[in-house]
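The sequence shown begins at 599 in our numbering and counts up one residue at a time.
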Amino acid sequence: MKLVVLISGRGSNLKAISQAFKEGKIEGKISLVISNKKDAHGLEVAREYGIPSEFHDPSIFETREEYDRHLVERIKKENPDLVVLAGYMRILSDYFIESFEGKLINIHPSLTPAFTGLKAQKQAIQYGAKFSGCTVHFVTKELDAGPVIIQAVVPVRPEDTEETLSDKILQYEHRVYPQAIKWISEGRIKIKGRQVIVEGARYGTLPVNPALEDF
Ligand code: GRF
Numbered sequence: 599m600k601l602v603v604l605i606s607g608r609g610s611n612l613k614a615i616s617q618a619f620k621e622g623k624i625e626g627k628i629s630l631v632i633s634n635k636k637d638a639h640g641l642e643v644a645r646e647y648g649i650p651s652e653f654h655d656p657s658i659f660e661t662r663e664e665y666d667r668h669l670v671e672r673i674k675k676e677n678p679d680l681v682v683l684a685g686y687m688r689i690l691s692d693y694f695i696e697s698f699e700g701k702l703i704n705i706h707p708s709l710t711p712a713f714t715g716l717k718a719q720k721q722a723i724q725y726g727a728k729f730s731g732c733t734v735h736f737v738t739k740e741l742d743a744g745p746v747i748i749q750a751v752v753p754v755r756p757e758d759t760e761e762t763l764s765d766k767i768l769q770y771e772h773r774v775y776p777q778a779i780k781w782i783s784e785g786r787i788k789i790k791g792r793q794v795i796v797e798g799a800r801y802g803t804l805p806v807n808p809a810l811e812d813f
C-alpha cells in the first residue's frame with residue numbers, strides 16, 4: 599500500500615496515519631507528502647517520520663487546473679494506491695478528481711451531508727445540532743459529498759464552542775482515518791453506487807443521546 603498525502607496545515611491527521619504505519623497497524627508506507635503551503639506544520643510532521651515532503655507553490659501557476667495538472671504529474675510518478683487529503687485546503691479541479699477516481703479520499707469534520715464546506719464545526723454549533731462528528735469519504739466532484747467510508751458521532755453539548763467541539767471531533771478523526779486506510783489496504787472496501795461496504799466490519803450500537811431521559 600503506497601500513499602501520497604496532501605496537506606495545507608497542522609498535519610495532525612498526517613501524524614495519526616504516519617504513526618499507524620510506523621506501528622505496523624497498516625502495511626505499506628506514505629511515499630510522499632505534498633503541501634500547497636510553505637509553512638505548513640505538517641511538513642515538519644513528515645520530516646519527523648522520515649517521509650519525503652515537498653512544497654508545491656500554487657502562485658506560480660495561472661489557473662487552478664494548471665497547478666492541478668502539475669500535481670497530478672508529480673503524484674503519478676509515485677504510482678500511489680491511494681491519494682489522501684488530510685486538511686488540504688484547496689478546491690480540486692475536475693481534472694484532479696478524475697485522475698484519481700476511486701483512489702482519492704478525504705476527511706471532513708462533520709457527519710456529511712450536514713455542514714459541508716468550511717468551518718463545519720462552527721456550522722454545527724450555530725445550527726444547534728445535538729450531534730456532529732467526522733466522515734471519511736471518497737472524493738467526487740461534489741464538495742464533501744462522496745460515498746461515505748466511515749463516520750464517528752460526537753455529541754454537541756450546550757457548553758461547546760467551536761474550539762472544544764473541533765478538539766473532540768479531531769480525536770475521532772485520528773482514529774477513523776487510519777481505520778479507513780487500513781480497510782482499503784486490506785481490500786475490504788466494496789462500493790455499490792453510493793454505498794460503501796466494509797467486508798467483515800463489526801458495527802457497534804449507536805450512542806444514546808444523553809438528553810433522552812424519559813423515552
Ligand atoms: C481536520 O479537521 C480535517 O477534518 C479537515 O481539516 C482539518 C485538518 O487538520 N479537513 P490537520 O491538518 O490534519 O491537523
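Don't be surprised by glycine CBs; every beta carbon is placed ideally from N, CA and C. On a predicted model such as this, the values are computed, not experimentally measured, just so you know.
Is glycine 726 near ligand 1, going by C-beta to nearest heavy atom under 8 Å? no
Worksheet item: Is it the case that the Cβ atoms of isoleucine 767 and glycine 731 are separated by a distance below 9 Å?
Response: yes
Which residue from Thr661, Lys600 and Ser657 puts its Cα closest to that of valine 631? Lys600
Does the segment 632-647 come close enough to the segment 716-736 to have 3 or more Cβ pairs within less than 8 Å?
no
Less than 8 Å between the CB atoms is what I'm expecting for aspartate 666 and lysine 739, so what's the real figure, rounded? Not really, about 13 Å apart at Cβ, beyond 8 Å.
* To do: If I'm right that threonine 710 touches aspartate 758 with Cβ under 8 Å, what's the distance once you round it to whole angstroms?
  => Their Cβ separation, rounded to whole angstroms, is 20 Å, which puts threonine 710 and aspartate 758 out of contact at 8 Å.
On the DSSP letters alone, give me the boundaries of the alpha helix (DSSP H) that proline 776 sits inside.
760-783
### Where the alpha helix (DSSP H) through alanine 718 begins and ends
718-725
Item to check | Expected contact under 8 Å - CB spacing of serine 697 and valine 670 to nearest Å | outcome: 5 Å
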